[in-house]
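Reviewing the structure listed below.
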Amino acid sequence: MVHNMIGLKKKKRVIPGFGISMGITMTFLSLIVLIPMVSIVITSSKMDITQFLQIITDPRIVAGFRVSLISALIAALINCAFGVLIAWVLVRYDFPMKRVVDGIIELPFALPTAVAGIALTALYSNNGWIGGFFAQFGIAISYTQTGIILAMIFVGIPFVVRSIQPVLEKLDPKYEEAASILGAGRGTIFFRVIFPEIMPAMLTGFGLAFARAVGEYGSVIFIAGNTPFKTEIVPLLIMSQLEQFNYEAATAIALVMLIISFAILFFINSIQVYASKFSKG
Amino acid sequence: MNIKKNGIQILLISIAVLFLFVMLILPLAVVLTKAISDGWAVYAAALSDEYTIKALSLTMQATVVAVVVNTAFGLFAAWTITKYHFKGKQLMTTLIDIPFAISPIIAGLIFSLTFGRMGWANGIEDLLNIKIIFAVPGIIMATIFVTSPFITRELIPVLNAQGTEEEEAAALMGASGFTIFRKVTFPHIKWALLYGIILCTARALGEFGAVSVISGHLRGKTNTLPLHVEILYNEYQFTAAFAVASILVIMAVLVLILRNIVEYMGKKEGIKDVS
Amino acid sequence: MYLELNNINKNFGSYQASKEVSFGVEKGKLIGLLGPSGSGKTTILRMIAGLESPDSGDIILDGVKINDVAPSERGIGFVFQSYALFRYMTVYDNIAFGLQIQKKKKSFIKDRVTELISLIGLEGLEKRYPHQLSGGQRQRIAFARALAPNPQLLLLDEPFAAVDAKVRLELRSWLRKMIDRLGITSIFVTHDQDEAIEVADEIIVTNNGKIEQIGSPIEIYRNPDTPFVAQFIGQSSVLKNHVELIGFENTEKDLNAVIRPEYLSVYKIGEQKQYQLALEDGIVESVFYRGSYLEMQIRVKGMLLTANRSLTEAEIKVGEAVKVLIYRIYLFDDQSTYLALNQAIDDKDMFYI
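Residue numbers (my numbering), protein chains in the order written: chain C, -1 to 279; chain L, 33 to 307; chain D, 64 to 416.
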């Protein structure tokens, strides 16, 4: 903060009020974000490496990561496929109630996660509307990994759709016209011309959906069943450690999760840098 | 070729609509159906239950405080980032985004670590003679934390697209910072700000993971509405749980409608991208 | 005629883009569709390609009516104004695209693409992506891509509009040479007269959705059929009182009159010994340097005329009193144009453009 104040003296800014704005912003930022975040650093540094490794290589924890990551991956992939489809349908076609369909996409953002959690559990339980149907064939959904995946799909729906929609909307029709005149049919045009153009947006949406799914608590916790080694997700593991006041263990697991989140963020950023090369110049 | 095109169109539209119906609409329907499955009397009783009302009030409190605080924060932060050049801008933007990127459980963990029994800032509790963890202030702080990026994220793209020329012109004519903001900048960001406030409110109302960690689940004292739903559900009071959940469903639908209206109004006024 | 358009009409809502458009193109010719923005020329091109459908009328290519044939099956090559190169494919893949659709063998494709790449002079750039290339290079690749599947007709939509001025001139002559070499029937759209005149065998002038005139560049230039063509082609200025000009007193007063710089000469006093009776007095109001010649505006009898003067001749300055010799003017009414020669000059004197 002091460093920035020195900068203020060296360079004159046209728009007034830098000092106050920066000051208030930094105060807020520190109180709301920085100071709390510091706790992770402090607690982590109190741990030594062996302790850390012991915690995160515990079989139950590893199983939890496996369940969370694989489920989130499958959910994000499914969201990619449907996200492309939904974005395509919303941008390219007209049909009755299209505005309504477009409007409900953000439901997973607007609906409290706990409500989504109990609703999905009820819907897919053995006597639920959908769960009951599958129960006839001996297929259980709630309290299995399938249920986890479904909940993760729910929370990720808006990400891929809303990432791809603007790209499709702005896509110059000339590329498709050129391909058409060169003899390409609709399928070829989609896969060879349109898909590469929306791929970066799709990957961004995938990354966001994946990150959200891994960290999601409320929507997943009810339908998961929380059987150790089978349907425990990482946020739950952190929660249980906290309930037993094992702060170090909780922090260790959280650290791994944070590393994964930042890796995903970095991945998303790289895609966007890579893609912007092609569309500029 | 026209006929074939229509066939594929219809198929794709149907799949998309079916998917959305099953994934989004059915869950809502389940809540509402189960809420009134034991009749309206039970429904009304669940809603007017003392703990429900206390939970509703706490949720409202936290939401209002979070929205007010984050609106102020959002305005200052977005203004600072978009109207000035300084080192570390990218870092600041990343920091602001952090609460958005991390799991709510981790958010709760962070506050526990800071103010909990073993936390390094635990002394503050005694100092200010208030409890933070397992008490209302903690809940409010956690809510502020998880909703903090929303308004900034909406304002920054709009302000960036607008550029700094208008403000610079006003500054050169001698206008003070606050006047510049009020007369030059604000008209541009009206709709984005409103949009951000709506998103922030929705998130605050629904916050569950973070407050779950630090609330202590004390009925009537530290329960927000979503936590209350969880408790009822875990006690197998399903109908009551869904009844309370239905309040949140109605709020969510209202949020969606408001969001769409604001987005529409924003687009009408020529603002390119409110979302 | 290799390509025929008969009575084509096209409306976009209430806007009529094409009105009774009819023309024919001979095989192997390079035709320029010339007209101002919004005159309907791009619409005509897009209808030939199949990207738009005419509301009425026929399009016939090599004896076959192609109105209902899909663009992907017409065997036409199209070069877009903004190139529309596939951004996520290499140069090689872009050019190979049409051949891959035709399911040609890999070896055949390789030979053909390599041949085209050397034809357009971009050897070594096969693995580059469009964003790594200059505008001129991209335009040539767009050209190669359109040619690769051996189309029977090549269409170009303002191919040089998005390119720098200097590169434009180079590309223009390059295009002419290429098309000559390949002998492919081609139509290109432009709003730039110089381009049309330099490149095309024949020019079709469009205005407001209608065809104004079809002819060789020289015909269009020398003998405009309609008032629009008379004013659009060349640097024309309108004369208000043409009957006051020496040698034109007997022309009809009520017609509109238009003159071009080529149809008059400006002289310093005493420079021009002949035709003394035909010379007008004028005052130079402004002089502009145009790179290879001087352009000046001269006030004659209250009318402002534009004349060009070579840089090798003696300098004429602003404000100078000069003599002006007017050879011809165009007169026109609603239907057609008439050429009027200066009666005060002997018939035997020829005038060359």
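By construction, the Cβ of each residue, glycine as well, lies at the ideal position given by its N, Cα and C atoms.
Predicted, not measured: the structure shown is a model, and the values here were computed from it.
#1: Quick check on E262(L) - is its C-beta less than 8 Å from some C-beta in chain C?
#2: Roughly how many whole angstroms lie between the Cα atoms of A247(C) and F63(C)?
#3: To the nearest angstrom, how far is the alpha carbon of T95(L) from that of T233(L)?
#4: Report the neighbours of P34(C) on chain L: residues whose CB is nearer than 7 Å to its CB, in chain order.
#5: Verify the CB distance criterion: does P258(L) have a CB-CB separation below 8 Å to chain C?
#6: I'd like the span of the alpha helix (DSSP H) that includes L237(L), first residue to last.
#7: If contact is defined by three or more beta carbon pairs under 8 Å, each pair taking one atom from either stretch, is the stretch 157 to 172 of chain D in contact with the stretch 85 to 103 of chain D?
#8: Look at the Cβ atom of Y356(D), then the Cβ atom of L374(D), and state whether they are nearer than 8 Å.
#9: Taking buried to mean at least 16 other C-beta atoms within 10 Å of its own C-beta, is T106(D) buried or exposed?
#10: Under 8 Å, Cβ to Cβ, is there at least one residue of chain C near P219(L)?
#11: Could you work out which residues of chain L lie near F107(C), taking near to mean beta carbons separated by less than 8 Å?
#12: So within the stretch 137 to 165 of chain D, which uninterrupted alpha helix (DSSP H) runs reach at least 4 residues, ignoring any that extend past its ends?
#13: From which residue to which residue does the alpha helix (DSSP H) around S100(D) run?
#14: Which same chain residues, not among the five before or five after K275(C), have their C-beta less than 7 Å away from its C-beta?
#15: Within the continuous alpha helix (DSSP H) that includes K115(L), where are the two ends?
#16: Please identify the residue among Q339(D), Q335(D), A293(D), D344(D) whose C-alpha is closest to the C-alpha of E307(D).
#17: When we look at the beta-carbon of Q339(D) and count the other beta-carbons within 10 Å, is it buried (16 or more) or exposed?
#18: How far does the alpha helix (DSSP H) with A70(C) in it extend, from its first residue to its last?
#19: Looking at chain C, which residues of the stretch 112 to 129 of chain D have a Cβ within less than 7 Å of any of its Cβ atoms?
#20: According to the Cβ coordinates, are V252(D) and D220(D) closer than 8 Å?
#21: Go ahead and pull the three-state DSSP assignment for S81(D).
#22: Quick one: list the residues of chain D neighbouring L173(C), beta-carbon separation under 7 Å, in chain order.
#23: Is the stretch 219 to 233 of chain L close to the stretch 184 to 191 of chain L, with three or more CB pairs under 8 Å?
#24: Could you spell out the range, first to last residue, of the beta strand (DSSP E) harbouring M359(D)?
#25: Could you tell me the alpha carbon to alpha carbon distance between H254(D) and L97(D), rounded to whole angstroms?
#26: Taking the beta carbon of S268(C) as the centre, do at least 16 other beta carbons fall within 10 Å, making it buried, or is it exposed?
#27: Does T114(L) get closer than 8 Å to chain C when you measure Cβ to Cβ?
#28: Starting from the beta carbon of S277(C), find every residue of chain D whose beta carbon is closer than 9 Å, and list them in chain order.
#29: Compare the C-beta of V0(C) against all C-beta atoms of chain L and say whether one is closer than 8 Å.
#30: Give the DSSP-derived three-state secondary structure of F86(D) in the structure shown.
#31: Distance cutoff 8 Å, beta carbons only. Does E248(C) sit that close to anything in chain L?
#32: Going by CA-CA distance only, name the one from I346(D), I267(D), L394(D) that's closest to V301(D).
#33: Please list, in chain order, all residues of the same chain as V89(C) whose beta carbon is under 7 Å from its beta carbon, the five residues on each side excluded.
#34: Show which residues of chain D have a CB atom less than 7 Å away from the CB atom of I192(C).
#35: So that I know if they touch, is there some Cβ in chain L lying closer than 8 Å to that of T48(C)?
#36: Any C-beta of chain C sitting closer than 8 Å to the C-beta of P131(L)?
According to the structure shown:
#1: yes
#2: 14 Å
#3: 6 Å
#4: I142, F143, T146, F177
#5: yes
#6: 218 to 238
#7: no
#8: yes
#9: buried
#10: no
#11: L231, A234, R235
#12: 154 to 164
#13: First-last for S100(D): undefined, no H or E at that position.
#14: none
#15: 82 to 115
#16: D344(D)
#17: exposed
#18: 57 to 90
#19: A112, L114
#20: yes
#21: strand
#22: Looking at the sequence shown, residue 173(C) is not Leu but Tyr. Per Cβ cutoff of 7 Å: A147, F149.
#23: yes
#24: 356 to 363
#25: 5 Å
#26: exposed
#27: no
#28: R150, H194
#29: Reliability fails at V0(C), whose pLDDT of 45 lies under 50, so the model's placement of it is uncertain and no value is given.
#30: strand
#31: The amino acid occupying residue 248(C) in the given sequence is Ala; Glu does not appear at that position. A248(C) counts as touching chain L.
#32: L394(D)
#33: Q163, L166, E167
#34: The premise fails here: I192(C) is roughly 10 Å from chain D at the closest Cβ pair, so nothing lies under 7 Å.
#35: no
#36: yes
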